[in-house]
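*Asks:*
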Amino acid sequence: MKSFSLLLLLSLLFLGGCKTVKNDVPPEQIAMKCEARERQAAELLEEARTAEADGAWRKACKYYQTITKHFLETDAAPTAFYEWGRGLAERGQYESAFEKFSFVTKNYVDYADYEAVVRAEFEVACRLTEQYQRAKEKSKVLSFFKDPKAAIDCFRSVVKYSPRSADAPKALLYIAELQSADKEPAKAIETLDRLIEDYADWERIHEAYLFQADVYLSMVRRPENDPQPAKRAIDAYENFILLFGRRADLTEEIEDARDGLAEAREVYAEGRLRFGDFYYFRRHYPDGAVPFYREVRLAAPESEAAKIAEARLEAIQNEAPIPTNWADKLWGPVVYRPSEARE
């Protein structure tokens with residue numbers, strides 16, 4: 010008798026698992042699956058709908074809660090989660106609504122309205138994004154207390170559980186925008202890399218390329234110390250122009266990319282100029298400065314930095330005396346000598 014009961018339990022677990030992912034559905038409820046419980050859950054769902062239609066929202070919530078707590082193995086359960094979540098979203102309780110929707114997307118992959126639930130998750134994420142943006146705008150001084158994590162989690166759920174949906178690439182783009190706004194540019198770059206790699210044929214993929222270039226440019230702090238962000242911004246803008254520069258419907262974006270490219274080149278050139286000046290003026294080593302000055306001319310030939318670099322190169326070629334500063338006058342110039350010259 011015990012072996013028969015064990016076999017029955019395993020069979021019910023298997024049958025229940027065909028409808029759900031068992032991660033969050035208690036095995037004992039799956040084992041209780043039967044027509045009587047299906048009818049009972051369906052009746053409770055109708056009671057919830059009637060109460061909600063009559064304006065008795067709290068009463069409806071009690072019915073939804075009963076179904077989603079005690080009847081998780083029934084066909085009514087995902088519908089109860091979905092309708093409860095919609096009601097919460099309509100009342101502005103977006104994070105609670107997301108909890109209901111995400112339970113469905115994680116545990117009821119065969120649910121008939123699965124894509125509608127994913128779409129509802131996306132809409133909730135958009136509303137949470139708007140809340141985050143309003144909060145930052147209202148209190149710019151205390152903006153570091155505003156956290157976009159809730160919206161990002163919603164968007165990530167859309168990508169994870171419905172990667173082929175129309176909303177998945179949009180979700181990744183919005184995640185990157187939130188990460189950038191939250192001063193997490195490295196995370197934004199990583200998200201955009203995934204978007205570009207996984208959704209290369211998306212109709213708005215050009216936005217990802219251009220935004221990635223803008224994020225790289227925003228990462229520039231002191232280009233003389235770390236030229237990589239400016240260099241990567243140059244590469245990203247050039248890549249955008251190469252891929253989309255002939256599209257007549259993107260004239261504004263192409264112009265923005267060209268402006269960004271010019272700015273990135275100037276910033277990079279200024280960094281190289283400062284590096285060259287360090288060797289030329291601080292170390293009195295013109296041979297070490299020459300490669301940097303030449304790089305300035307190549308990076309931004311029309312910039313003010315290029316004109317300065319050209320003048321420096323001309324002075325070096327003419328072996329003009331290197332200007333000294335107050336430290337040189339007090340303690341004498343510091344002259345850099347390459348290792349091979351010291352041996």
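Take 10 as the starting number for the sequence shown in my numbering and just add one per residue. Note that the Cβ used here is the ideal one computed from N, Cα and C, for glycine as well.
1) What would DSSP say about Glu-216, mapped onto helix, strand or coil?
2) Assign Leu-22 to one of three DSSP states: helix, strand, or coil.
3) Once DSSP output is grouped into helix, strand and coil, what is the label at His-8?
4) Looking at the structure shown, is Thr-83 part of a helix, part of a strand, or coil, going by DSSP?
5) Starting from Arg-256, trace the alpha helix (DSSP H) both ways and give me its first and last residue.
6) How many angstroms separate the CA atom of Ala-262 from the CA atom of Val-224?
7) Let's test the definition: count the other Cβ atoms within 10 Å of the Cβ of Trp-93 and tell me whether it reaches 16, buried, or not, exposed.
8) Identify which residue in Gly-285, Glu-37, Phe-80 and Gln-74 has its Cα closest to the Cα of Ala-45.
9) Quick check on the DSSP output: what are the complete alpha helix (DSSP H) runs of length 4 or more inside the segment 121–206, in order along the chain?
10) Helix, strand or coil: how does DSSP classify Arg-230 here?
11) Between Ala-175 and Ala-125, what straight-line distance do the alpha-carbon atoms span, to the nearest angstrom?
12) Using only alpha-carbon positions, find the residue among Arg-213, Ile-317 and Thr-88 that is nearest to Arg-256.
13) For Ala-217, which residues in the same chain have their Cβ closer than 7 Å to its Cβ, ignoring the five residues on either side in sequence?
14) Determine, using beta carbons only, whether Gly-254 comes closer than 7 Å to chain B.
15) Relative to the C-alpha of Arg-241, which residue among Leu-219, Arg-48 and Ala-315 is closest?
16) Rounded to the nearest angstrom, what separates Pro-36 and Thr-260 at their Cα positions?
17) State the Cα-Cα distance for the pair Gly-26 and Ala-65, rounded to the nearest angstrom.
18) By the three-class DSSP mapping on this structure, what secondary structure does Lys-42 have?
19) Does Gln-188 pass the burial test, meaning 16 or more other C-beta atoms within 10 Å, or should it be called exposed?
20) What did DSSP end up calling Lys-31 once you bin it into helix, strand or coil?
21) Which residues bound the alpha helix (DSSP H) around Phe-110?
22) Is it the case that the Cβ atoms of Tyr-302 and Arg-274 are separated by a distance below 7 Å?
23) Could you tell me which of Ala-271, Leu-137, Phe-287 and Val-118 sits nearest to Leu-307, measuring between CA atoms?
24) Once DSSP output is grouped into helix, strand and coil, what is the label at Asp-223?
25) Quick check: the Cα distance between Gly-101 and Asp-156, rounded to an integer number of angstroms?
*Replies:* On the basis of the coordinates in this document:
1) Stepping through the sequence shown from its first residue, residue 216 is reached at position 207. Helix at Glu-216.
2) By one-based count along the sequence shown, residue 22 stands at place 13. Bear in mind that a pLDDT of 45 at Leu-22, under 50, signals an unreliable position, so the model cannot answer this.
3) Residue coverage of the chain in this structure runs from 10 to 352, which leaves residue 8 outside it and unanswerable.
4) Translated into the one-based positions of the sequence shown, residue 83 becomes position 74. Three-state DSSP puts Thr-83 in coil, outside helix and strand.
5) Against the sequence shown, residue 256 aligns to sequence position 247. Element bounds for Arg-256: n/a, residue is neither H nor E.
6) Locating residue 262 in the sequence shown gives position 253, where the first residue counts as 1. Locating residue 224 in the sequence shown gives position 215, where the first residue counts as 1. Reading the sequence as shown, one finds Glu at residue 262 and not Ala. Looking at the backbone, the Cα of Glu-262 and that of Val-224 are separated by about 15 Å.
7) Counting from one through the sequence shown, the residue named residue 93 turns up at place 84. Trp-93 should be labelled buried.
8) Here residue 45 refers to the residue found at position 36 of the sequence shown. Selection Gly-285, Glu-37, Phe-80 and Gln-74 evaluated against Ala-45 yields Phe-80 as nearest (Cα-Cα).
9) 123–147, 158–170 and 176–190
10) To locate residue 230, count along the sequence shown from 1; it is residue 221. Coil, per DSSP.
11) The residue you call residue 175 lines up with position 166 of the sequence shown. The residue you call residue 125 lines up with position 116 of the sequence shown. Straight-line Cα distance between these residues: approximately 12 Å.
12) By 1-based counting over the sequence shown, the position of residue 256 is 247. Among Arg-213, Ile-317 and Thr-88, the Cα nearest to that of Arg-256 belongs to Arg-213.
13) Numbered from 1 along the sequence shown, position 208 holds the residue referred to as residue 217. The residues are Leu-182, Leu-201, Leu-204 and Ile-205.
14) In the structure shown, chain B does not exist; there is a single protein chain.
15) For this step, residue 241 is matched to residue 232 along the sequence shown. Answer by Cα proximity: Leu-219.
16) The residue you call residue 36 lines up with position 27 of the sequence shown. The residue you call residue 260 lines up with position 251 of the sequence shown. Their Cα atoms are separated by approximately 58 Å.
17) For the purposes of this step, residue 26 is taken as the residue at position 17 of the sequence shown. For the purposes of this step, residue 65 is taken as the residue at position 56 of the sequence shown. Residue placement at Gly-26 cannot be trusted, given a pLDDT of 41 that sits under 50; what the coordinates show is reported in the next sentence. So the two alpha carbons sit approximately 34 Å from each other.
18) Position 33 of the sequence shown, counting from 1, holds the residue named residue 42. Coil at Lys-42, not helix or strand.
19) For the purposes of this step, residue 188 is taken as residue 179 along the sequence shown, with counting starting at 1. Its Cβ being crowded by 16 or more others within 10 Å, Gln-188 is buried.
20) Locating residue 31 in the sequence shown gives position 22, where the first residue counts as 1. Here the model assigns Lys-31 a pLDDT of 44, short of 50, so the residue's position is not dependable, and the following value carries that caveat. Looking at Lys-31 - three-state DSSP - the assignment turns out to be coil, as it is neither helix nor strand.
21) The residue given as residue 110 occupies position 101 in the sequence shown. Unbroken alpha helix (DSSP H) run through Phe-110: 103–116.
22) Translated into positions along the sequence shown, residue 302 becomes position 293. Translated into positions along the sequence shown, residue 274 becomes position 265. Cβ distance not < 7 Å, so Tyr-302 and Arg-274 don't count as in contact.
23) Looking up residue 307 in the sequence shown gives position 298. Nearest in C-alpha terms to Leu-307, of all of Ala-271, Leu-137, Phe-287 and Val-118, is Ala-271.
24) The sequence position of residue 223 within the sequence shown is 214, counting from 1. Correct three-state label for Asp-223: helix.
25) Here the question's residue 101 lines up with position 92 in the sequence shown. Here the question's residue 156 lines up with position 147 in the sequence shown. CA-CA distance, Gly-101 to Asp-156, rounds to 18 Å.
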